[in-house]
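Below is one structure, written out as C-alpha cells; the observations come after it.
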Amino acid sequence: MIYDTRERQHWYDNFLRFHEDLLNIQVKNMQHLIAVISFRNLNKIDLDSRIQNGGQIITSGEILIDEKDLEHIFDSILPVLRRYSQNKKALSAFEDFYDKRKISLTEMIENVVTRDITKWNEMSQRYSIPENFLIGIGEYIAMPYLELCSEYFNKRLKNGSWLRPSCPICGSSPSMALLQEDLNERILWCHLCDTEWRFSDKVCPFCENQDLSSIKHIFPPVNSPHRIDACDKCGYFLKIIDDQLITKYPKFVIENLRTIKLEQIAINKGYKPFHFMDKNALS
Ligand SMILES: [Zn+2]
Ligand SMILES: [Zn+2]
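Under this note's numbering, think of the first position of the sequence shown as 1, with each following residue one higher.
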C-alpha cells in the first residue's frame, strides 16, 4: 500500500530503475541465447495450421532451452532482484531451493506458457512461496527466450493471419495497444514476448464484450498520447497510445513504463490490469 506523495514517488522511481536494470540485462541474455539455442528445431512447428486453429505458437512441450541456460538468465537477474525485491523472504527461500537444485526453472517457463493456475498453485504449496512471486520469476526468466521466439516467428507470420485477443506467440493477453482509428483496429502488444498483432478497436480483448458504452476512457491529467480503456463488464483495462497524437512509431516496452502513473489512476477507479490468475473470474 502506498500512502503519501513522497512515498509514491519513491516507489515509481524504484520501479523504473528496476525495469531499466532488468531490460539491460535481458538484452545481454538474448545475445547469449542466440548463440546457444538451435532455433532451426522450431521449423518443425506447423505454423500455418496452428495459427488457423487459433493456438499459440509456443507450447509447453516445445521449450527449446536447457535448464543451464535458464540458470544463466536467473543468475544474471538475481543481483537486480536482490536489490529491488519487495519480498526478500520469498526471494531468500527461492534462492535456497535453487542453490540445492530443488527447483526446476524449466517447469516454471512451461507454467508461464500454459498459464495453468493449478500448476502455479501446486508449485506455491510445494515451496511455500507465494504464487505471484513465482510467476514473476518465471516470467523474467522466460522473457528473453519468448522474445527471441517472437522475432523468429514474426518474420514468418503473415500480416493479418491472426486477429485474436491473445498473443499469437505465447498466448498472453495484451498490456498495451496502439489505436489506429482510421483502420478501425488496434495493434495489441504482449509484454512477455514483445509481439505486436492486429485486433479490432471495438472489442474488449479480455472478455470480448462489444458494447462500446461499457468501455470507459481514462485520460492522464496532462496532455499525452496515452489513455486507458477500461471495461465495465470485466473490470480490466488496456493502456492505449493514440496514433493521431504521436509522430513516430512507439516502442511499447518504453511506453509501458512511461504509463505506470496512468495505470495507477485506473486502479484507483476500481479497474485492474489483466492477469491470467484472475481468468476464473471471467469463466
Ligand atoms: Zn506473447
Ligand atoms: Zn472486458
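Using N, Cα and C, we set each Cβ at its ideal position, and we do this for glycine too.
Going by DSSP, which residues form a beta bridge with Ser200?
Assignment of beta-bridge partners to Ser200 by DSSP yields Glu185.
Return the Cβ separation of Lys239 and Glu263 in integer angstroms, given the expectation that the two are a contact with Cβ distance under 8 Å.
Indeed they touch by this definition, with Cβ atoms about 7 Å apart.
Determine, using beta carbons only, whether Trp120 and Leu105 come nearer to each other than 8 Å.
Going by C-beta atoms, Trp120 is not nearer than 8 Å to Leu105.
Which residues does DSSP list as the beta-bridge partners of Ile218?
For Ile218, DSSP records a beta bridge to Ile228.
What did DSSP end up calling Glu20 once you bin it into helix, strand or coil?
Correct three-state label for Glu20: helix.
For Asp182 and Trp197, the rounded distance between their alpha carbons:
Whole-angstrom Cα-Cα distance: 17 Å.
What residues match up with Met108 in a beta bridge as DSSP calls it?
None, per the DSSP bridge assignment.
Beta carbon nearer than 5 Å to a non-hydrogen atom of ligand 2:
Spelled out in chain order, the answer is Cys204, Phe206, Cys207, Asn209, Cys231, Lys233 and Cys234.
Endpoints, beta strand (DSSP E) assigned at Tyr242
Before going on, a small fix: residue 242 reads as Asp here, not Tyr. Unbroken beta strand (DSSP E) run through Asp242: Tyr236 to Asp242.
Span of the alpha helix (DSSP H) holding Leu192?
No alpha helix (DSSP H) holds Leu192; DSSP gives it neither H nor E.
Considering only DSSP beta bridges, list what Lys261 is partnered with.
As computed with DSSP, Lys261 is found in no beta bridge at all.
Say yes only if the C-beta of Leu146 is nearer than 7 Å to one or more non-hydrogen atoms of ligand 1, and no if none qualify.
Checking every heavy atom of ligand 1 against the Cβ of Leu146, one is found closer than 7 Å.
For Leu78, does the three-state DSSP call read helix, strand or coil?
DSSP places Leu78 in helix when its eight states are reduced to three.
Whole runs of the beta strand (DSSP E) within the segment 150–180, excluding any shorter than 3 residues
When DSSP assignments are scanned along the segment 150–180, the uninterrupted stretches of beta strand (DSSP E) that are 3 or more residues long and fall wholly within it turn out to be 176–180.
Three-state class that DSSP yields for Pro130 in the structure shown:
DSSP, reduced to helix, strand and coil, places Pro130 outside both helices and strands of the structure shown, so it counts as coil.
Does Arg101 pass the burial test, meaning 16 or more other C-beta atoms within 10 Å, or should it be called exposed?
Only exposed fits Arg101, as fewer than 16 other CB atoms lie within 10 angstroms of its CB.
Of the residues Arg258, Ile265, Pro225 and Ala266, which one's Cα is nearest the Cα of Lys248?
It is Pro225.
Cβ contact check for the segment 211–219 and the segment 144–158: 3 or more pairs under 8 Å
No, they do not touch.
With a CB to CB cut of under 6 Å and the five nearest residues on each side skipped, what residues in its chain are close to Arg186?
If the five residues before and after Arg186 are omitted, its C-beta is found closer than 6 Å to the C-beta atoms of Ala177, Leu179, Phe199 and Asp201, all from its own chain and listed in chain order.
Give the DSSP-derived three-state secondary structure of Lys119 in the structure shown.
In the structure shown, the three-state DSSP call for Lys119 is helix.
Among Asp21, Leu78, Gly61 and Cys204, which residue has its Cα nearest to the Cα of Asp99?
Closest option to Asp99, Cα to Cα, is Leu78.
Let me know if Asn29 comes out buried or exposed under the rule of 16 or more other beta-carbons within 10 Å of its beta-carbon.
Counting Cβ neighbours within 10 Å, Asn29 comes out buried, since at least 16 surround it.
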